[in-house]
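See structure below.
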C-alpha cells in the first residue's frame, strides 16, 4: 500500500513538473555553409563586415520568439518577478523587459539555450543572400518595424509603435516567424569584431561588455532589421524592444 502511495505521489509530481513547462515548437535547421555579414551593399552598416564564410552543424530553433504566456509560467514556477508588458498586453506577445541572464535562465529551464550569432543569421537568411529573407525590401505587411523609415528608396509603411503577437506575419523559407522586427533577439555571443577567415560553429569572443542582439524591432527602421545587421545591448538592462528565441540542446 505504501509503495502504491509513493508511486502515485511520484506520478502526480512528474505530471505537475511537465505541466509547468511550456510547449516549444521547434524547427529543424539543416547543416550548411553561408556567407555571414554585409554582402557589400553601399550604405549598409560597417558593423556587418567583413563578410566571411561560416559552416554550421544542424540544430533546432524555436519557431517563435518566447512569449509572455511561456515566460510567465517560468516566473510562476520559480518565483521570479514577472516582467512589465509596457501596457501592450501579455499572452502571445513576445516577452520584453528581461535581461540576458533572464533569457538564459528560461532557456535552461526548458532544456534549451540561446542561439549563437552565426546560428541566428544563418536561420534568418534561410538560404537567401538578399538584405532580407523576403528579398531586397521589407514592407510592414511582412514584419513589424517602424515603417516611416523604409530601406533605401522603398516606400514608407505603417508604424505600429508596439509589439505584435508572435506569428502575425508569414514565416521565412525555413518556417521561422518574426526574424525581422517585432523585438530584437538576444544571442549567446558577446559583441566583438568579426573574423576575417572561414569559421566552423563560431561562438564569439570569450569576454565583452555588450551582448549581441539580432533582427531589429518594432521601433527600428527597416535597414536595422536586415538579416546581416548587427546590434548589441547591455545584458543587465531590460528594455521594451528586446526579447529572445531558443535553440534546443536535445
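Residue numbers (the numbering used here): 11 to 260.
Note that beta-carbon positions come from the ideal geometry of N, C-alpha and C, so glycine has one too.
Comparing alpha carbon positions, the residue from 246, 233 and 251 closest to residue 140 is 233. In the structure shown, residue 256 falls within a coil segment according to DSSP collapsed to helix, strand and coil. The three-state secondary structure of residue 234, taken from DSSP, is helix. Secondary-structure assignment with DSSP links residue 179 through no beta bridge to anything.
In this structure the segment 55-65 does not lie against the segment 153-172, because fewer than three pairs of beta carbons, one per stretch, are closer than 8 angstroms. Taking all protein chains shown into account, residue 48 has 16 or more neighbouring C-beta atoms within 10 Å of its C-beta and is therefore buried. In the DSSP assignment, residue 83 falls outside any beta strand (DSSP E) and within the unbroken alpha helix (DSSP H) covering 78-88. Pairing residue 137 with residue 108, the inter-Cα distance amounts to about 31 angstroms.
The segment 90-105 makes no contact with the segment 197-212, as fewer than three CB pairs between them are under 8 angstroms. Boundaries of the beta strand (DSSP E) around residue 64: 62-66. Here the alpha carbons of residue 148 and residue 182 stand approximately 12 angstroms from one another.
Burial is judged here by how many other beta carbons sit within 10 angstroms of a residue's own beta carbon; residue 131 has at least 16 and is buried. Secondary structure at residue 109: coil, using DSSP grouped into helix, strand and coil.
Contact check between the segment 63-81 and the segment 35-48: three or more CB pairs, one atom from each, fall below 8 angstroms, which counts as touching.
Selection 120, 66 and 236 evaluated against residue 88 yields 120 as nearest (Cα-Cα). Residue pairing by DSSP puts residue 122 in a beta bridge opposite 258. Separation of residue 102 and residue 124 (C-alpha to C-alpha, rounded to the nearest whole angstrom) is 20 angstroms. Between the beta-carbon of residue 40 and that of residue 77 there is about 26 angstroms, and that puts the pair past the 8 angstroms contact cut. In the structure shown, the three-state DSSP call for residue 213 is coil.
Looking at the DSSP output, residue 243 shares a beta bridge with 221. For residue 127, the secondary structure class from DSSP, reduced to helix, strand or coil, is helix. Distance from the CA of residue 226 to the CA of residue 259, rounded to the nearest whole angstrom, comes to 25 angstroms. When DSSP states are grouped into helix, strand and coil, residue 171 belongs to the coil group. A Cβ-Cβ separation of about 17 angstroms leaves residue 184 out of contact with residue 238 under the 8 angstroms criterion.
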